[in-house]
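Here the structure is laid out as C-alpha cells; the discussion comes afterwards.
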Amino acid sequence: MMPSDITDAALFSLLENINEGIIVYTSEKIIWVNGSLVNMLSYDSPDDFIGKNIFSFIDFSNIQHATSQIEQLYMGKKLTGGVYKVKTKDGSLIPIVSRGSVLENGGEPTLISFIRLVSDEPIEAHLDISVPMLVNEVATALTVIRGYLELLHENPDDMSVKASYFEAITLNLNRIEENLLKFK
4 MMPSDITDAA LFSLLENINE GIIVYTSEKI IWVNGSLVNM LSYDSPDDFI
54 GKNIFSFIDF SNIQHATSQI EQLYMGKKLT GGVYKVKTKD GSLIPIVSRG
104 SVLENGGEPT LISFIRLVSD EPIEAHLDIS VPMLVNEVAT ALTVIRGYLE
154 LLHENPDDMS VKASYFEAIT LNLNRIEENL LKFK
C-alpha cells in the first residue's frame with residue numbers, strides 16, 4: 004500500500020487502535036485522545052479528556068518539566084521523551100513515558116504526544132541485550148590481561164616490556180570497571 008492510498012478513515016482507525024496512548028492538544032486544551040489512553044488511565048471514555056487542560060492529568064511535581072518540554076516542541080525541537088507521573092481516574096499516580104511533536108492544524112500549532120506506561124519490560128529487554136554484551140566485554144578484557152600476564156612471566160627481567168604490559172593490563176582493568184559501573 005502506498006502512502007497516497009491510505010484513507011483518512013484507515014489512518015484514524017490505526018491511531019485509535021494502536022497500543023500507545025495518543026493525546027492531541029492545542030493551547031494546553033485536549034482535543035482528541037485514543038482508546039488506548041482512555042484504558043491506560045482507567046477512564047470511561049474520551050469525553051473525560053476532551054476540552055480539559057493537559058496539566059490537569061499531570062502530577063504537580065512534573066508540571067514545570069512538562070511546560071518546558073511543550074515550549075521546546077513549539078519552538079520546533081524534537082524531543083526523545085520524558086517520564087512523568089500522570090493521574091488515573093481514581094487519582095492514583097502512574098509513571099509514563101511521553102514523546103511528542105508539533106502538527107499543523109489550520110495554521111494553529113497542535114501537539115501530539117505518544118504515551119507508554121513505564122514498566123519492567125523495557126528494562127528486562129535492555130538487560131537481555133546488555134548483560135550478554137557486558138559478559139563478552141569482560142571476558143575479552145580478562146583474556147587480554149591473562150595474555151599479558153603470561154608474557155610478563157616469560158620476560159621477568161625486561162623493565163621496558165613490563166611497563167608496557169602493566170599499562171595494557173591497567174587499561175583493560177579500567178575497561179572492565181567502566182562496563183560494570185554501567186549496571187550500578
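Read in order, the letters of the sequence shown are residues 4 to 187 in the numbering used here.
A virtual CB, placed ideally from N, CA and C, is assigned to each residue, including glycine.
On the DSSP bridge list, what partners appear for residue i?
i: Asn56; result: Lys32
i: Tyr87; result: Ile99
i: Thr113; result: Leu106
i: Val27; result: Trp35, Ile115
i: Ile148; result: Ile148 pairs with nothing; no bridge assigned.
i: Ile61; result: Val89
In angstroms with no decimal places, state the Cα-to-Cα distance between residue i and residue j.
i: Leu40; j: Gln75; result: 23 Å
i: Glu23; j: Phe117; result: 6 Å
i: Thr146; j: Leu176; result: 11 Å
i: Asp1; j: Pro98; result: Because the chain spans 4 through 187 in this model, residue 1 falls outside it and cannot be assessed.
i: Arg178; j: Thr143; result: 10 Å
i: Asn20; j: Val36; result: 11 Å
i: Val138; j: Lys165; result: 28 Å
i: Ala12; j: Leu174; result: 59 Å
i: Ser16; j: Thr10; result: 10 Å
i: Ile66; j: Thr113; result: 19 Å
i: Asn108; j: Leu96; result: 31 Å
Near residue i, which residues of its chain fall below 7 Å by C-beta distance, leaving aside the five closest residues on each side in sequence?
i: Ile61; result: Ala69, Tyr87, Val89
i: Leu154; result: Tyr168
i: Tyr151; result: Tyr168, Ala171, Ile172
i: Glu111; result: Thr29
Output needed for residue i: all residues of its chain with C-beta closer than 8 Å, excluding positions within five of it in sequence on either side, in chain order.
i: Asp51; result: Val41, Lys92
i: Ile53; result: Ile33, Ile34, Trp35, Val36
i: Asn56; result: Glu31, Lys32, Ile33
Can you tell which of the options has the C-alpha that lies nearest to the C-alpha of residue i?
i: Gly94; options: Lys80, Ile57, Ala171, Leu44; result: Leu44
i: Gly103; options: Leu96, Gly110, Glu111, Gly79; result: Gly79
i: Leu184; options: Glu140, Lys55, Pro49; result: Glu140
i: Ser48; options: Ser101, Gly38, Ile66, Ala13; result: Gly38
i: Ser101; options: Gln67, Ser16, Arg119, Asn108; result: Arg119
i: Gln72; options: Ser64, Phe63, Gly85; result: Gly85
Quick one: measure Cβ to Cβ for residue i and residue j, integer angstroms, because I've assumed they're closer than 8 Å.
i: Ile148; j: Val27; result: About 56 Å; that fails the 8 Å criterion.
i: Tyr77; j: Val105; result: 7 Å
i: Phe63; j: Glu31; result: Their Cβ separation, rounded to whole angstroms, is 15 Å, which puts Phe63 and Glu31 out of contact at 8 Å.
i: Ile25; j: Leu14; result: Their Cβ separation, rounded to whole angstroms, is 12 Å, which puts Ile25 and Leu14 out of contact at 8 Å.
Would you say the beta carbon of residue i is closer than 6 Å to some non-hydrogen atom of the ligand ATP?
i: Tyr168; result: Absent from the structure shown: the ligand ATP. Ligands present: none.
Does the beta carbon of residue i sit closer than 7 Å to a beta carbon anywhere in chain B?
i: Ile179; result: Among the chains in the structure shown there is no chain B, since it carries only a single protein chain.
I'd like the list of long-range same chain contacts for residue i, defined as Cβ closer than 6 Å, with 5 residues on each side in sequence excluded.
i: Glu157; result: none
i: Glu188; result: The chain is shown only over 4 to 187; residue 188 falls outside these bounds and no answer can be derived.
i: Tyr46; result: Lys92
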